[in-house]
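Structure record follows, encoded as structure tokens.
Protein chains: 2
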Amino acid sequence: MHEIGQRIVSGKVKPGDVLPREETLAESLQVSRTALREALKVLSAKGLIESRTGVGARVLEKRHWNQLDADVLAWRCASMPTDDFVDKLVEMREVIEPAAVAAAARRRTAEHLAEIDSAYRAMDAAQTLDEWTAADLQFHDAVLHATGNELLQSLFSVIETALGTFFALSARTAANFKYSLPHHQKVLEAIRRRQPEVARKAMQALIADSQANLQQSRGRARARKKAGA
Amino acid sequence: MHEIGQRIVSGKVKPGDVLPREETLAESLQVSRTALREALKVLSAKGLIESRTGVGARVLEKRHWNQLDADVLAWRCASMPTDDFVDKLVEMREVIEPAAVAAAARRRTAEHLAEIDSAYRAMDAAQTLDEWTAADLQFHDAVLHATGNELLQSLFSVIETALGTFFALSARTAANFKYSLPHHQKVLEAIRRRQPEVARKAMQALIADSQANLQQSRGRARARKKAGA
DNA sequence: CCCGAGCTGTTTGTCATACAAATCGACTAT
DNA sequence: ATAGTCGATTTGTATGACAAACAGCTCGGG
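Those protein sequence lines, which keep their order, are chains Y and X. In terms of my numbering, the first sequence is numbered consecutively and its last residue is 251. In terms of my numbering, the second sequence is numbered consecutively and its last residue is 251.
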């Protein structure tokens, strides 16, 4: 599934193309037709392909892809982490997270707050980059959970991918990986005090700061590339 | 797939439960194990279940469900179109659409505008409720498309479900089903003139109006229920 | 009495094969 | 020229068999 999914998402096969017939595809991937079909069925569920009897499996247009699917996002990141795509991930965060944190500040229960607080303390206590990353993800997930709207929470896969890409691109060191802790604290406090608009502003600042950091990394990356060339 | 998916989403089997083994399940559904396995694989991709060898297929917690999946949304609507769930759909629209229309007003191309305009004219020309519904969906899809962010466009399944549920609940008549046309016109004009904030406000008004209409329907439904009881 | 290692039964994961159903394209008869 | 039909191709489904992995039990040791 991953093999074929990546081929499609990376553009090796384009929308409109039809895949080879199942028998040959199965042979070329060294699996049985049964296993291949289960993979194709999942790709079909993700909106990447459509199988029709007598014709074959046709790659659908991007329009139909389930772009918010965790796998599809991961494949896109693996094949083309272009600036363009990262900008789109940032835009999604700008839409989702401020609205979500405002809702969370309005409706949070004591349990939700405890969850967010726990994640914050884990971020504060993090010793390694991996610990920090895990706690950071937990923080943003807890905020979405606190909205009480599971539809919003399902957008976590987007935030997860966005943060993951961010970490990958901005090669942070042990010295500075905690730089955004104060921003997170402001968000936490606004939720604690049930101040939706304060929370929204704090989250916007957090994302803006994160984006600025990303731009900086891009600048450094381009400079290195230029110097190397 | 739909049968088992509905059983899970409707709560007939709860998170933590394990499904019967594949052989008996296949027999009870009158299909082969092959076909059943393809269905389970898709449900697994949607995050509803997790299969482990030697144990069986366990229903995952709602936390892991891919709630934005078109099928999952449809199953929820089919089994429990409660006020609570409709409110969550409305909240999603309140988050997504104003932000999306603002982005669309900023970045739209001539082609995008033509698409939206075409949908608007179809709404204006609609003679039947079905025609109107199709054009309305096309309008909102075109707006998402105009953002140029395919991640945002993938949220169309949510808007689609929300509007579909809305139409189902509010049993509109031929006389009044076009009442929201002026709101759509304001949105269209703001996008044409590239006025992001005007567009945002217009979309907020459109959704608010739609929600008000929904509340009214609920009131009538409750009144009928009370009178009948 | 408690605990861990190994064994065994159960269930999913994969495979090979066969056939039914549906579709497309070419051919034929009107 | 066109409509209908036939056949080749490909997916959809079914069946039977075996490999792999896990849960719980049993048994031996401390």
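Each residue gets a CB set at the ideal place from its N, CA and C atoms; glycine is no exception. Please read these numbers as outputs of a predicted model, since none were measured by experiment.
- In the structure shown, the three-state DSSP call for S32/Y is coil.
- Between S202/Y and the set A164/Y, L70/Y, Q226/Y, P37/Y, the nearest pair of CA atoms involves Q226/Y.
- Counting only residues of its own chain and dropping the five nearest sequence neighbours on each side, S32/Y has a CB closer than 6 Å to the CB of S101.
- Within the region 178 to 193 of chain Y, S179, V180 place their CB atoms closer than 9 Å to a CB of chain X, listed in sequence order.
- Of all residues in the region 45 to 59 of chain X, the ones placed with a Cβ closer than 7 Å to any Cβ belonging to chain Y are T56, R59, in chain order.
- L82/Y is the residue among T75/Y, L82/Y, T56/Y whose C-alpha sits nearest the C-alpha of A67/Y.
- Membership of S101/Y in the alpha helix (DSSP H) is indicated by the continuous run 92 to 101.
- DSSP places A141/Y in the helix class (H, G or I) of the three-state scheme.
- Interface flag for A79/Y against chain X is unset, since no Cβ pair is found closer than 9 Å.
- At least 9 Å separates the CB of K208/Y from every CB of chain X.
- Distance from A212/Y to A221/Y at the Cβ level is roughly 4 Å; contact confirmed, criterion being Cβ atoms closer than 8 Å.
- If you keep only unbroken beta strand (DSSP E) runs of at least 3 residues inside the region 44 to 122 of chain Y, you get 71 to 74, 78 to 81.
- Around the beta carbon of A57/Y, a 10 Å sphere encloses fewer than 16 other beta carbons of the protein chains shown; the residue is thus reported as exposed.
- Per DSSP, the beta bridge partners of V40/Y are R80/Y.
- When the five nearest sequence neighbours on each side are left out, the beta carbons in the same chain lying within less than 6 Å of the beta carbon of Q160/Y are those of A141, in order along the chain.
- Contacts between Q89/Y and chain X, judged by CB atoms closer than 8 Å, involve E172, L173, Q175, S176 in chain order.
- Counting C-beta pairs with one atom in each stretch, the region 141 to 158 of chain Y and the region 143 to 153 of chain X have fewer than three that are closer than 8 Å, which means they do not touch.
- Against chain Y, the CB of D93/X has a partner CB under 9 Å away; the residue lies at that interface.
- Note on E119/X: 16 or more other CB atoms within 10 angstroms of its CB, so buried under the neighbour-count rule.
- In the DSSP annotation of this structure, the continuous segment of the alpha helix (DSSP H) that includes F189/X starts and ends at 178 to 191.
- Taking a contact as a CB-CB distance under 8 Å, the pair T187/X and L90/X does not count as one, their CB atoms being some 15 Å apart.
- For a cut-off of 8 Å, the C-beta gap from T169/Y to A136/Y is around 16 Å, too long to register as a contact.
- Separation of V209/X and D139/X (C-alpha to C-alpha, rounded to the nearest whole angstrom) is 10 Å.
- Interface annotation, K223/Y: not in contact with chain X, CB-CB separation never under 9 Å.
- For Q160/Y, the enclosing alpha helix (DSSP H) starts and ends at 151 to 168.
- Excluding its 5 nearest sequence neighbours in each direction, S73/X has C-beta neighbours in its own chain below 7 Å: L62, S66, A79, listed in chain order.
- Counting the other CB atoms within 10 Å of its CB gives S50/X a total below 16, which places it among the exposed residues.
- Going by beta carbons, R55/Y and R130/Y fall outside the 9 Å limit.
- With a threshold of 16 other beta carbon atoms within 10 Å, H24/X falls short and is exposed.
- Sorting E44/X, W97/X, A156/X, A121/X by C-alpha distance to the C-alpha of E219/X places A121/X at the top.
- Here K200/Y carries a coil assignment [DSSP, helix/strand/coil].
- Contact of I213/X with chain Y by beta-carbon distance below 9 Å is absent, the smallest such distance being about 17 Å.
- Distance check between A96/X and each of E45/X, L173/X, Q52/X, I181/X places I181/X closest, using alpha-carbon atoms only.
- Each residue's CA atom was taken as its position, placing V64/Y and A164/X some 27 Å apart.
- With a cutoff of 9 Å on beta-carbon distance, H167/Y and R85/X are scored as near each other.
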